[in-house]
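Quick note on numbering: the sequence shown equals residues 0 to 472 in numbering that gives the first Met the number 0.
We put the CB at the ideal spot given by N, CA and C, even for glycine.
In what follows, a single structure is set out as C-alpha cells and then discussed.
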Amino acid sequence: MALWGGRFAGGPDPLFQQLNDSLPFDYRLALQDIEGSMGWAKAIHRAGVLTSEELSRLLGALEDLRREVVEDASAPLKDQSAKSTSSGSPPAVHDEDVHSWVERRLIAMVGQLGKKLHTGRSRNDQVATDLRLWTRAAIDARLAEIAASRRALVAFAQANQSVIIPGYTHLQRAQPVLLAHWAMAYFDMLGRDAARLADARVRVNVCPLGSGALAGTAYQVDRAQLAKDLGFASHSTNSLDAVSDRDFVIETLAALSTLAMHLSRMGEDLILYGSGEFAFFDYDDAFSSGSSLMPQKKNPDAAELLRGKSGRVIGSLTSLLVTLKGLPLAYNKDLQEDKEPLFDAMHQSSLCLRAAARILEGTRVRVDVARKAAQGGYSNATDLADYLVARGVPFRDAHDQVGLAVRAAIEQSMPLEGMPLAELQKHCPAVQADVFSALSLEAGLAKRTIPGGTGPESVRAALAAAAKAVGLA
Ligand code: ARG
C-alpha cells in the first residue's frame with residue numbers, strides 16, 4: 000500500500016520502486032513498528048483523538064498482527080509475493096516499507112478505524128522510534144553474547160592455568176607469559192567493548208516519537224508517558240534532531256567495529272598459534288575445514304572469519320558516516336540507508352561472538368610444544384639482565400653484557416642457560432652459580448607478580464576477579 004498517493008496523478012515507475020522500497024530489509028522492524036504503534040495509539044487516545052473503544056480495537060488488531068510476526072518474522076515479505084500473479088505483472092499487493100505493511104494490514108483488520116492511527120505521526124518519527132527500539136534490543140542481545148564469550152575465555156584460562164607460551168613483540172619471541180594471561184587480555188578487551196555498547200545504549204534509549212515529520216506533532220501528546228510506555232528512559236528534546244540524526248547507530252557501529260577488531264586480533268592469534276610452525280594449539284574439527292585438493296589440510300576457517308568479518312563491520316560504520324555527512328536538516332531519504340549496515344553488523348557480530356566462544360571451547364593446547372617455544376628465542380635474556388641489576392650492574396651495562404652473551408650463545412647454538420658458567424662470566428662478570436635458577440621459565444614468570452603482570456599470582460587474582468565478574472565463581 001502506498002501511504003501518499005493523493006497528490007500523484009500517475010503511479011510510480013517499477014524501477015523507482017526497486018530503488019525506493021525498503022520492505023526487503025526493514026521488514027525486520029515489524030515487531031518494533033507494531034510496538035511503537037501500540038504506544039502511539041495509547042498516546043493519541045490520551046490526547047482525545049481515539050475513544051477508549053477505538054483504542055482497544057486498534058490494540059487488539061495490533062496484538063494479532065504482533066502474534067503473526069512472532070510466528071513468522073518474514074510475514075511482511077510473504078504477504079507481497081502471495082498476492083503476485085504468475086504472468087510477471089507487478090504484485091497486486093505492494094508495500095514500500097514496513098510502516099506501509101503494518102498500516103495496510105491494520106486497515107484490512109479494523110477498516111476505517113485503522114486509518115486513524117497515523118494521526119499526528121510521521122514515518123519520520125516512526126522509523127526513528129522503530130530503529131531505536133530495534134537497536135536497544137540488539138545491543139542487549141550482543142551484551143549477553145559478549146558475556147558468554149568472556150565466560151569462555153575465563154574457562155579457557157582456568158583449564159590452562161599453568162601453561163606457558165612465548166609472549167611476542169614484533170612477532171618475535173620476547174618474554175614468556177602464561178596462556179591464561181593471553182586469554183585474560185582478550186577478556187579485558189571484550190569487557191571494554193561491552194561497556195562501550197552499554198554506554199551507546201544510554202543514548203539509543205531516547206524516544207523520538209511525537210516529533211512528527213520534523214516540527215513536532217500538533218496533538219497534545221504526553222511525550223513523557225509515551226516514552227515510558229515504550230520503555231525509553233526519556234524523550235528527545237528537539238524534533239529536527241530526533242528525526243534526522245542517526246548518531247545512535249554510529250556509536251553502536253563504532254562499538255561493534257572495535258569489538259570486531261578485537262575478535263579479529265584474537266582470530267589472528269588463534270591462526271598463528273595453531274599453524275604447523277607454532278603448533279601450540281590444535282583446532283577443533285567442528286570449526287575447521289579441509290582442502291578440496293590437499294588431503295592433509297585442516298584449515299582454521301572459523302578463526303580466519305573472525306578476522307575477515309571485521310572488515311565488513313568496520314565498512315558498515317564507514318558507510319553510515321559517509322551517508323550522514325552533508326545531509327541538510329531534517330529527514331532525507333538517504334537515511335533509509337542506515338538500516339542494512341546496522342542489521343548486517345549486528346548479525347555478523349553475533350555470529351563472531353558465538354563462534355569465538357565455541358572455537359575456544361574446542362581448542363586443545365599442546366603444553367610441551369608451547370613450553371619449548373617459550374624456552375627458546377632467548378626470551379629469558381631480560382631475566383639475566385635483571386639478575387645482573389640485582390648484583391649492582393647498572394641496567395644499561397647489564398643490557399650490553401647480556402647482548403654479548405646472547406650473541407655468543409647463538410654462535411654456539413645453545414640457550415643462555417646451556418652455557419658453561421665460565422663462558423657466561425666472560426660476558427657478564429657479575430654472574431654466579433645461582434644464575435641458572437634465575438633463568439628458568441618459572442623464575443622469570445614468578446618475578447612478574449605486579450598487578451597486571453603475567454606472574455602466576457597476579458594471573459590467579461585476575462582470573463578470580465574475572466570469574467566473579469562473569470558469574471563463574
Ligand atoms: N522507509 C523509510 C526509511 O527507512 C521510512 C521513512 C520514510 N519517510 C519519508 N518521509 N518518506 O527511512
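Please report how far the alpha carbon of residue i lies from the alpha carbon of residue j, in whole angstroms.
i           : j           : result
residue 61  : residue 466 : 44 Å
residue 446 : residue 356 : 32 Å
residue 34  : residue 9   : 34 Å
residue 389 : residue 375 : 24 Å
residue 30  : residue 299 : 38 Å
residue 258 : residue 273 : 22 Å
residue 464 : residue 471 : 10 Å
residue 114 : residue 106 : 6 Å
residue 265 : residue 285 : 18 Å
residue 83  : residue 333 : Unreliable positioning characterises residue 83 in this predicted model, as indicated by a pLDDT of 49, which lies under 50. A coordinate reading is not provided.
residue 15  : residue 254 : 35 Å
residue 350 : residue 361 : 16 Å
residue 193 : residue 469 : 12 Å
residue 261 : residue 5   : 52 Å
residue 54  : residue 142 : 36 Å
residue 220 : residue 38  : 11 Å
residue 91  : residue 36  : 25 Å
Buried or exposed: which applies to residue i, given that a residue is buried once 16 or more other Cβ atoms fall within 10 Å of its Cβ?
i           : result
residue 279 : buried
residue 345 : buried
residue 400 : buried
residue 198 : exposed
residue 70  : exposed
residue 358 : buried
residue 7   : exposed
residue 93  : buried
residue 43  : buried
residue 131 : buried
residue 27  : buried
residue 95  : buried
residue 73  : exposed
residue 454 : buried
residue 191 : exposed
residue 293 : exposed
residue 231 : buried
residue 18  : exposed
residue 317 : exposed
Please name the residue, chosen from the options, that lies closest to residue i on a Cα-to-Cα basis.
i           : options            : result
residue 181 : 26, 268, 7         : 268
residue 117 : 449, 179, 49, 148  : 49
residue 122 : 211, 385, 293, 329 : 211
residue 297 : 155, 424, 289      : 289
residue 196 : 144, 52, 184, 426  : 144
residue 368 : 178, 380, 170      : 178
residue 276 : 228, 174, 371      : 371
residue 176 : 170, 183, 166      : 166
residue 398 : 379, 411, 414, 3   : 379
residue 1   : 97, 311, 226       : 97
residue 108 : 56, 36, 3          : 56
residue 164 : 460, 343, 457, 444 : 444
residue 319 : 343, 417, 306, 240 : 343
Where do the N-terminal and C-terminal ends of the alpha helix (DSSP H) with residue i fall, by residue?
i           : result
residue 45  : 29 to 45
residue 386 : 380 to 389
residue 190 : 178 to 203
residue 351 : 338 to 361
residue 399 : 394 to 410
residue 98  : 97 to 109
residue 117 : Careful: residue 117 lies outside any alpha helix (DSSP H) and carries neither H nor E.
residue 449 : First-last for residue 449: undefined, no H or E at that position.
residue 247 : 246 to 273
residue 17  : 13 to 19
residue 322 : 300 to 323
Could you pull the start and end residues of the beta strand (DSSP E) that residue i belongs to?
i           : result
residue 163 : 163 to 168
Any 3 or more C-beta pairs closer than 8 Å across the segment 201 to 208 and the segment 404 to 417: The answer is no - the segment 404 to 417 does not touch the segment 201 to 208, with fewer than three Cβ pairs under 8 Å.
For the segment 321 to 341 and the segment 111 to 131, state whether three or more C-beta atom pairs, one from each stretch, are separated by less than 8 Å. The segment 321 to 341 vs the segment 111 to 131: in contact.
Answer yes if the segment 244 to 264 comes into contact with the segment 312 to 327, meaning at least three C-beta pairs across the two stretches below 8 Å, and no otherwise. Short answer: they touch.
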